[in-house]
Each structure stands twice: as C-alpha cells, then as structure tokens.
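> The following block contains the structure, expressed as structure tokens.
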C-alpha cells in the first residue's frame, strides 16, 4: 500500500501521480522507502503528524548549561565587598572598566568604591546591562 508524500492519500500500486493532489510520485528506490515508512508509521486523518526525527536528550543539569557562564551571586558579592578594586568587572571580563575603577578609587581617596558597591547591588538585582558578561552570556544564579 502506497501513500502520497504531500497529502497522505492512499494510492494505487502502479500510480505515478496522486489522484487527490496531483503530486508526482517518487522513483522505485524511494517507493521501497515509502513502503517501509508506511508500514511503520501509519498516516492519520486527524491533525497529528509523525516524523522520523530523533530528539536529543534533554540536559538534566539545569544550574548551568553553559560552562563559561558566570554566577550573578559571585559577581554581585565581589562588587559589594571588593568593588573599589573592580574585581567584579575583571570576573565578568570587563578588564578596561575594572582598571578604571581602581584608578577612580585611588584618585578619589576611596570614594570611588561606592561605584563598585552600587554595581554589586545592581548585578544581584539583575537590572539593565548588568545581566550579561563581556561575551554576552547571561549570568546564572
């Protein structure tokens, strides 16, 4: 028993065109494949369709699917406690801004440390541009 690839209608054994939709039928080598497929996967008249695609297994590790993913908690705590040295920026890959934070802290006699403290809080809250690292990877929990 053969079935049309386009509409799934049942076809006669010697047919070269589908009587329902008019689609040209495949060659002999494809006919053998269709017979095997038709025997293993019966066509249905409802909206459900079957495919031969294999689904890859889902990743059971939900904490970090990206090995390069940085932790939002680590970055935030580094910003709060060591923000004056820009350590949280080095951790996230923003080397230039980290160096600027060190210079600002030295020039302002420590007042620049508020910059890192506030950034640490913003990182923990996930506000604005503080949700990704320098490579554009989102921060994990």
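In our numbering, the protein residues as written are 1 to 141.
Where is the CB? At the ideal position from N, CA and C, for every residue including glycine.
Closest by CA to residue 79, which one among 18, 101, 6?
101
> Put residue 83 into one of helix, strand or coil per three-state DSSP.
helix
> Less than 8 angstroms between the CB atoms is what I'm expecting for residue 116 and residue 136, so what's the real figure, rounded?
Residue 116 to residue 136, Cβ: 22 angstroms. No contact.
> Around the C-beta of residue 23, are 16 or more other C-beta atoms found within 10 angstroms, so that it is buried, or is it exposed?
exposed
> Helix or strand or just coil, what does DSSP make of residue 75?
helix
> In three-state DSSP terms, what is residue 142?
Missing from the structure shown is residue 142; the chain here goes from 1 to 141 and no further.
> Based on DSSP bridge pairs, tell me the residues matched to residue 138.
132
> Given this structure, state the Cα-to-Cα distance separating residue 73 from residue 123, to the nearest angstrom.
8 angstroms
> What are the partner residues of residue 70, as DSSP defines its beta bridges?
Paired residue(s): none; residue 70 is not in a bridge.
> Starting from residue 98, trace the alpha helix (DSSP H) both ways and give me its first and last residue.
In this chain, the alpha helix (DSSP H) harbouring residue 98 covers 95 to 107.
> If you count every other CB in all the chains shown that lies within 10 Å of the CB of residue 108, and 16 or more means buried, which is it?
With fewer than 16 other Cβ atoms within 10 Å, it is exposed.
> On the criterion of 16 or more Cβ atoms from any shown chain inside 10 Å, does residue 129 qualify as buried, or is it exposed?
exposed
> May I ask whether a heavy atom of the ligand MN can be found less than 7 angstroms away from the beta carbon of residue 68?
Only the bare structure without any ligand can be found here, which leaves the ligand MN out of the picture.
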